[in-house]
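A short write-up of the structure that comes next.
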Ligand SMILES: Nc1ncnc2c1ncn2[C@@H]1O[C@H](COP(=O)(O)OP(=O)(O)OP(=O)(O)O)[C@@H](O)[C@H]1O
Ligand SMILES: [Mg+2]
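Chains as they are written, first to last, in this note's numbering: chain R, 1 to 326; chain F, 1 to 505.
Here it is in structure tokens:
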């Protein structure tokens with residue numbers, strides 16, 4: 001029994017091992033520069049919070065057998081809207097933030113409805129969603145504008161002091177909070193389990209009497225919400241409303257999920273894997289910054305290599321596992 | 001009659017349902033009372049599964065009315081049907097392969113505690129549900145790793161796990177062995193006494209008479225009649241299903257003819273085994289002979305077939321083909337040597353759902369010939385038409401995607417695929433699973449005539465009657481070991497049963 005559980009978790013374990021190795025590599029290589037410190041560790045989450053939040057939503061979508069390409073566009077739209085609402089219209093954050101979150105979720109719902117009820121391919125529907133959101137963002141505001149009001153006060157209220165001058169910044173806090181909630185949702189609610197079921201075999205899920213429509217639409221709504229939350233986090237992190245924010249974020253999010261062991265075919269994967277996947281992004285980025293001479297685009301190249309590696313690994317495991325025994 | 005308790009539990013009147021090119025149901029009536037087991041009978045493609053799917057909201061009916069528990073109902077989804085108290089096991093096992101047995105049983109009805117799913121309760125509930133069917137299985141196991149029999153039992157356990165008023169079982173026993181069937185019947189009888197209505201579909205007539213109180217017969221989507229099981233002789237039931245008068249003589253096993261088998265075996269296994277799946281065994285298969293492989297589920301029958309066909313590789317012993325040692329590394333190599341294998345699990349291993357009936361039939365033949373030598377379209381059409389007729393495959397035309405055929409008719413197409421490829425050795429693993437009585441007889445004739453033409457056939461079946469009728473020689477397996485071999489006149493149901501039982505003590 002234990003052996004089997006271990007076997008099932010090989011992809012996740014491999015990701016975790018790679019993550020630790022990368023971390024140890026950085027810690028040894030840049031020992032003098034204090035790579036191995038709490039401050040740097042916190043930065044992994046701080047700098048990638050919006051990627052992490054978007055990846056949470058993405059993981060649910062992929063688990064359900066779908067894909068959401070609109071994530072980056074929604075981040076841009078939300079970021080711009082937040083700036084306009086708070087700067088130009090003087091809306092207080094307690095109104096502006098829930099409003100944009102609602103908008104993101106609503107956009108997700110609409111896409112989910114198209115995917116489910118009109119049986120359109122998720123790839124195309126969310127591609128349309130991406131163009132719509134990004135276009136809308138650029139129409140509203142051609143270039144990045146600073147947000148001066150409220151941001152500092154939000155950032156300071158939401159941060160968690162850790163003693164000795166260190167603190168967990170707001171975006172990291174939002175990310176970690178979202179992650180804990182997502183874990184609960186995926187593993188301890190009916191909705192979460194239904195997501196796995198729908199992604200595992202939709203026809204069976206229907207015949208088993210599971211609420212397939214509600215689950216599918218819910219998943220896109222959740223992803224839209226996460227994208228919007230990522231947009232809010234982005235604005236808080238950069239103190240700006242940027243229509244080009246989150247360019248290509250959806251692809252990073254997909255990569256993080258896949259590196260974390262989630263199968264693109266749906267039904268298999270863990271949020272914890274995605275979490276580690278995002279962490280790997282952060283470690284690679286930080287390592288490259290510490291190295292100093294390499295361009296930050298090397299992050300993409302390393303991620304590309306890892307992605308290939310993990311896909312091959314999964315393929316191997318699948319081929320082994322799909323042999324039924326009597 | 002206005003008192004609802006006097007109404008039958010379920011009253012379907014004039015139900016119609018059409019698919020493009022097919023009238024699946026034409027004004028069908030169906031009535032189920034409380035506290036009865038009601039068998040729904042008919043040939044492959046008669047409309048049984050369609051009726052069940054219309055009743056449970058998978059399809060919407062074109063016409064007719066449905067009265068359930070004194071209310072008009074019109075469920076739009078299986079979920080609606082479940083909510084009003086109809087619990088269903090559909091014909092093809094429908095589970096989520098990557099989730100555990102426990103989750104598959106409880107999905108959608110898990111209980112929560114303080115906002116968290118109670119995993120311990122899920123586990124316990126699943127264990128209880130499986131224990132009720134007498135199955136000791138680790139409920140943490142992933143369903144994809146379980147045998148089809150266990151999967152079928154999991155689906156049944158799931159259906160039994162809710163408080164239903166009507167339980168529908170569409171061929172629930174097709175992969176089960178006798179013990180498991182008996183246990184299921186025990187549970188059904190108990191539920192019946194508690195006042196549940198149970199709908200039972202099967203092609204095993206013994207099972208129909210063992211549990212059913214009444215029988216409704218469909219033919220070609222039409223309602224034929226409703227009968228008391230006790231007063232409908234078996235032969236009459238078959239006549240009603242087939243739509244023609246039959247006599248006992250039609251069902252007598254043809255006298256086992258002296259068959260001409262080759263001198264040296266086509267295939268000779270010496271101490272061939274595989275750790276964990278089959279103990280080393282000796283086996284000879286001759287041309288022109290039907291060799292039966294009998295034993296309980298999990299006794300090693302399918303494992304033997306998989307070794308022969310190169311799906312798994314043996315780790316001991318030698319295999320000789322025409323006297324020469326061979327080692328098969330893949331099914332492809334087996335096919336190059338003109339072996340054919342009709343597997344037990346058609347849904348995942350055999351059908352290509354979106355290809356047409358014709359394409360599915362010529363598939364193996366095409367592979368055998370190599371892709372360079374294309375089987376001409378005229379030849380394809382001819383083959384397809386030939387087998388559609390020979391096996392009485394119910395389809396509007398040869399170009400229908402196979403996934404739209406009824407379960408039994410899909411099985412016939414798979415069988416046709418292997419028969420058409422004309423192999424030297426044909427392995428048939430439960431070939432008549434889900435196939436109606438009439439077609440079974442046709443298939444038996446076909447198998448006999450193929451053997452007569454010199455084909456070697458390895459026949460695997462849980463149906464002892466069928467085993468005895470078909471085989472020239474029977475090898476009995478138990479616990480992944482060969483325990484005995486019966487020849488010619490020695491072959492009988494009791495002899496096989498005895499062999500299985502004797503080994504037990
Ligand atoms: N979705 C569909 N589209 C088109 N035709 C269909 C569809 N579903 C069923 N049919 C056709 O309807 C007829 C009845 O099929 P059904 O599955 O109800 O038969 P059945 O009585 O359950 O047979 P079996 O014993 O083989 O399971 C068949 O001719 C089948 O080909
Ligand atoms: Mg059927």
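Virtual Cβ for every residue (Gly too), placed ideally from N, Cα, C.
Between which two residues does the beta strand (DSSP E) carrying residue 22(F) extend? 22-32
Own chain residues within Cβ distance below 7 Å of residue 154(R), not counting five before or after: 93, 170 and 236
Please list the partners that residue 274(R) has in chain F, where partner means a Cβ-to-Cβ separation under 7 Å. Chain F residues near residue 274(R): none, gap ~17 Å exceeds 7 Å.
Counting only C-beta atoms, is residue 258(R) closer than 9 Å to chain F at any point? no
Is the CB of residue 325(R) under 9 Å away from at least one CB in chain F? Any reading at residue 325(R) must be qualified, since the residue scores a pLDDT of 39, below 50, and its modelled position is unreliable; no value is offered.
Using a Cβ-Cβ cutoff of less than 6 Å, which residues in the same chain neighbour residue 246(R) once the five nearest sequence positions on both sides are dropped? 72, 75 and 76
Apart from the five residues just before and just after residue 90(F), which ones in its own chain have a Cβ nearer than 6 Å to its Cβ? 170
Which of the three DSSP states, helix, strand or coil, is assigned to residue 127(F)? helix
What did DSSP end up calling residue 78(F) once you bin it into helix, strand or coil? helix
Alpha helix (DSSP H) runs contained entirely in the region 104-181 of chain F, provided each spans 4 or more residues: 119-132 and 148-160
Using a beta-carbon distance below 9 Å, is residue 173(F) in contact with chain R? no
Give the residues whose C-beta lies closer than 7 Å to at least one heavy atom of ligand 2, in chain order. 48(F), 49(F), 91(F), 170(F), 171(F), 201(F), 406(F), 407(F) and 408(F)
Under three-state DSSP, which class holds residue 197(F)? strand
Taking Cβ positions, are residue 493(F) and residue 464(F) nearer each other than 9 Å? yes
Could you give the DSSP three-state label for residue 86(R): helix, strand or coil? helix
Which residues of chain F have a Cβ atom closer than 9 Å to the Cβ of residue 190(R), listed in chain order? 107, 108, 109, 110, 112 and 117
What did DSSP end up calling residue 430(F) once you bin it into helix, strand or coil? coil
Along chain F, which residues have their Cβ under 9 Å away from the Cβ of residue 268(R)? 98
Does DSSP classify residue 317(F) as helix, strand or coil? strand
Exposure label - residue 297(R); buried when at least 16 CB within 10 Å: exposed
Less than 9 Å between CB atoms is the rule here; does residue 90(F) satisfy it with respect to chain R? yes
Could you check if residue 470(F) belongs to the surroundings of ligand 1, using beta carbon to heavy atom distance under 8 Å? no
Looking at the C-beta of residue 199(F), does it have a partner C-beta in chain R at a distance below 9 Å? no
With a threshold of 8 Å on Cβ separation, who are the neighbours of residue 392(R) within its own chain once the five nearest residues in sequence on each side are excluded? Because chain R is modelled from 1 through 326, residue 392(R) falls outside the range shown and cannot be assessed.
Would you say the beta carbon of residue 314(R) comes nearer than 8 Å to a heavy atom of ligand 1? no
9 Å Cβ cutoff met for residue 106(R) and residue 221(R): yes
Secondary structure at residue 400(F), three-state DSSP: helix, strand or coil? coil
What do you reckon, is the C-beta of residue 282(F) under 8 Å from a heavy atom of ligand 4? For the structure depicted, ligand 4 is absent and the ligand set comprises only ligand 1 and ligand 2.
Any heavy atom of ligand 1 closer than 8 Å to the beta-carbon of residue 440(F)? no
Check whether chain F comes within 9 Å of residue 204(R), counting only Cβ atoms and requiring the distance to be less than that. yes
Does the beta carbon of residue 81(F) sit closer than 9 Å to a beta carbon anywhere in chain R? yes
Does DSSP put residue 16(F) in a helix, a strand or coil? strand
Residue 458(F) beta carbon near ligand 1 (any heavy atom closer than 8 Å): no
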